[in-house]
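There are 2 protein chains.
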Amino acid sequence: MKTIACLLGVVVALTGVLCYMAGAPGYAGEEAAPIFGIKIPPGYRDWAVVSVAHEEGSNNDLRAVLGNDVAIKAYREGRLPFPDGAIIARLAWSYVSSEQNNKVFGRAQSFVAGAPINVQFMVKNSVKYATTGGWGFAQFKDGKPADETTLKTCFPCHEPFKAGDLVFTHYSP
Amino acid sequence: MKTIACLLGVVVALTGVLCYMAGAPGYAGEEAAPIFGIKIPPGYRDWAVVSVAHEEGSNNDLRAVLGNDVAIKAYREGRLPFPDGAIIARLAWSYVSSEQNNKVFGRAQSFVAGAPINVQFMVKNSVKYATTGGWGFAQFKDGKPADETTLKTCFPCHEPFKAGDLVFTHYSP
Numbered sequence: 460m461k462t463i464a465c466l467l468g469v470v471v472a473l474t475g476v477l478c479y480m481a482g483a484p485g486y487a488g489e490e491a492a493p494i495f496g497i498k499i500p501p502g503y504r505d506w507a508v509v510s511v512a513h514e515e516g517s518n519n520d521l522r523a524v525l526g527n528d529v530a531i532k533a534y535r536e537g538r539l540p541f542p543d544g545a546i547i548a549r550l551a552w553s554y555v556s557s558e559q560n561n562k563v564f565g566r567a568q569s570f571v572a573g574a575p576i577n578v579q580f581m582v583k584n585s586v587k588y589a590t591t592g593g594w595g596f597a598q599f600k601d602g603k604p605a606d607e608t609t610l611k612t613c614f615p616c617h618e619p620f621k622a623g624d625l626v627f628t629h630y631s632p
Numbered sequence: 460m461k462t463i464a465c466l467l468g469v470v471v472a473l474t475g476v477l478c479y480m481a482g483a484p485g486y487a488g489e490e491a492a493p494i495f496g497i498k499i500p501p502g503y504r505d506w507a508v509v510s511v512a513h514e515e516g517s518n519n520d521l522r523a524v525l526g527n528d529v530a531i532k533a534y535r536e537g538r539l540p541f542p543d544g545a546i547i548a549r550l551a552w553s554y555v556s557s558e559q560n561n562k563v564f565g566r567a568q569s570f571v572a573g574a575p576i577n578v579q580f581m582v583k584n585s586v587k588y589a590t591t592g593g594w595g596f597a598q599f600k601d602g603k604p605a606d607e608t609t610l611k612t613c614f615p616c617h618e619p620f621k622a623g624d625l626v627f628t629h630y631s632p
């Protein structure tokens, strides 16, 4: 009986591990980004879409902006400033021409997401991040956080958008 | 006591309606698309992102491709063909230059999602849609389904992608 209970325990534990792996898409990482101490929020890859964009220039990317439940609710209700607990994620992929799709369209018109570039997060905490407009900033590439020099550029760039609580992206219905 | 119970009932009912409205983003519609009889799947606007794309030409859009749980699981496991119950949504918005963002970047490099164009769905049902590769197709604009002529163009366009089970979009991590 003890052996069966033990075996059951192992099966349950293994199932737990497998379920965790299957249910943990996107990049996971235990390492916190500098300055703001933000780790990759678990499950962010399943968050709802705020909007999408294409940046030319040195970025040359396609991007999806996602929000956790708090952020999405605030967006849909038009609530500004965003409440504490809101997290906004920006996923960027390289901007590549799709040979597969262009064959169907008969012309080079289709651009799709290529390799992942990086993932950025804005975390709202009006107390903890009071000196940067209530937002903490983080950036990760393959699960590894960007350095302090990179993160110091976030706030000055977002600061002009005071009317939108420092958030560039508008919600797309 | 009866009056209080009745009033409570009204409050509960109204709260229910308000919660439903707040929790039902995206377009809702009771009208089914022709040929395949597909209605707008409830809650699709909360589905996880498969990928994003930009189509030039007559489309001139930015698009997000989302999947329901069945579709996302299949994508992440690399499972082909997609199992019955998988639904893939394609949301398209007009491709517009962002004056707001370009001011920050100091050059015209930022393109964002403008007005919604339409929403398309692919619904996997290998029995019901056996004659169209196991997929049913639908398109809606402001909740209203596209006509039969439009929907007749879906399958011939998707048909060449037999290796990918007729699905153009690849999953972006």
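Going down the list, the sequences are from chains A and B. For the first sequence, the working numbering gives the first residue as 460, with consecutive numbering after it. For the second sequence, the working numbering gives the first residue as 460, with consecutive numbering after it. C-beta: ideal position from N, C-alpha, C; glycine also.
With a threshold of 8 Å between beta-carbons, can Asp505(B) be considered close to chain A, or not? Here the question's residue 505(B) lines up with position 46 in the second sequence. With 8 Å as the cut-off, Asp505(B) counts as an interface residue toward chain A.
Under a Cβ-count criterion, where at least 16 other Cβ atoms within 10 Å of its own Cβ denotes burial, should Glu514(A) be classed as buried or exposed? Residue 514(A) sits at position 55 when you count from the first residue of the first sequence. Buried, by the Cβ-count rule.
Go ahead and pull the three-state DSSP assignment for Asn577(B). For this step, residue 577(B) is matched to residue 118 along the second sequence. Asn577(B): strand per DSSP, three-state reduction.
Alpha carbon to alpha carbon, how far is Pro632(A) from Pro604(B)? Residue numbering aside, residue 632(A) sits at position 173 when the first sequence is read from its first letter. Residue numbering aside, residue 604(B) sits at position 145 when the second sequence is read from its first letter. If I take the Cα positions, the gap works out to 17 Å.
If we count Cβ pairs, one from each stretch, closer than 8 Å, do we get three or more for the stretch 485 to 505 of chain B versus the stretch 492 to 499 of chain A? no
Partner residues on chain A for Asn560(B), Cβ-Cβ distance less than 7 Å: Looking up residue 560(B) in the second sequence gives position 101. Phe627, listed in chain order.
Ser442(B) and Ala574(B): beta carbons closer than 8 Å? There is simply no residue 442(B) to check, as chain B begins at 460 and stops at 632 in what is shown.
With a threshold of 8 Å between beta-carbons, can Phe580(B) be considered close to chain A, or not? The residue given as residue 580(B) occupies position 121 in the second sequence. Answer no: the Cβ-Cβ gap between Phe580(B) and chain A never drops below 8 Å.
If you follow the beta strand (DSSP E) that Leu610(B) is part of, which residue opens it and which one closes it? Looking up residue 610(B) in the second sequence gives position 151. Where Leu610(B) is concerned, there is no enclosing beta strand (DSSP E), although the alpha helix (DSSP H) it sits in stretches over Glu607 to Leu610.
Short of 6 Å in beta carbon distance, which residues of its chain neighbour Pro540(B), apart from the five on each side in sequence? Order them along the chain. Against the second sequence, residue 540(B) aligns to sequence position 81. Excluding residues within five positions, the ones whose Cβ falls inside 6 Å are Asp624.
Any C-beta of chain B under 8 Å from that of Cys613(A): As a first step, residue 613(A) is located in the first sequence; it is residue number 154 there, counting from the start. No, no contact with chain B.
Measuring only the C-alpha atoms, how far is Val571(A) from Trp594(A)? Taking the first residue of the first sequence as 1, we reach residue 571(A) at position 112. Taking the first residue of the first sequence as 1, we reach residue 594(A) at position 135. So the two alpha carbons sit approximately 31 Å from each other.
Counting along the chain, where does the alpha helix (DSSP H) carrying Trp531(A) start and finish? Numbered from its first residue, the first sequence carries residue 531(A) at position 72. Looking at the sequence provided, one finds Ile at residue 531(A) rather than Trp. From DSSP, the alpha helix (DSSP H) with Ile531(A) extends over Asp528 to Glu536.
On a CA-only basis, which of Gln559(B), Val578(B) and Asp528(B) is nearest Leu550(B)? Give me that one, please. Here the question's residue 550(B) lines up with position 91 in the second sequence. Residue Val578(B) is the option with its Cα nearest to Leu550(B).
Could you have a look at Gln568(B) and say whether DSSP puts it in helix, strand or coil? Here residue 568(B) refers to the residue found at position 109 of the second sequence. Looking at Gln568(B) - three-state DSSP - the assignment turns out to be coil, as it is neither helix nor strand.
So, does the CB of Val508(B) fall closer than 8 Å to a CB anywhere in chain A? Here residue 508(B) corresponds to residue number 49 of the second sequence, with the count starting at 1. At least one chain A Cβ lies under 8 Å of Val508(B).
Just curious, the alpha helix (DSSP H) that His617(A) is in, first and last residue? For the purposes of this step, residue 617(A) is taken as the residue at position 158 of the first sequence. First-last of the alpha helix (DSSP H) with His617(A): Cys613 to His617.
Within chain B, partners of Gly633(A) - CB distance below 9 Å: Outside the displayed range of chain A (460 to 632) lies residue 633(A), so it cannot be described from this structure.
Residues bridged to Leu539(A) (per DSSP): Translated into positions along the first sequence, residue 539(A) becomes position 80. DSSP lists no partner for Leu539(A).
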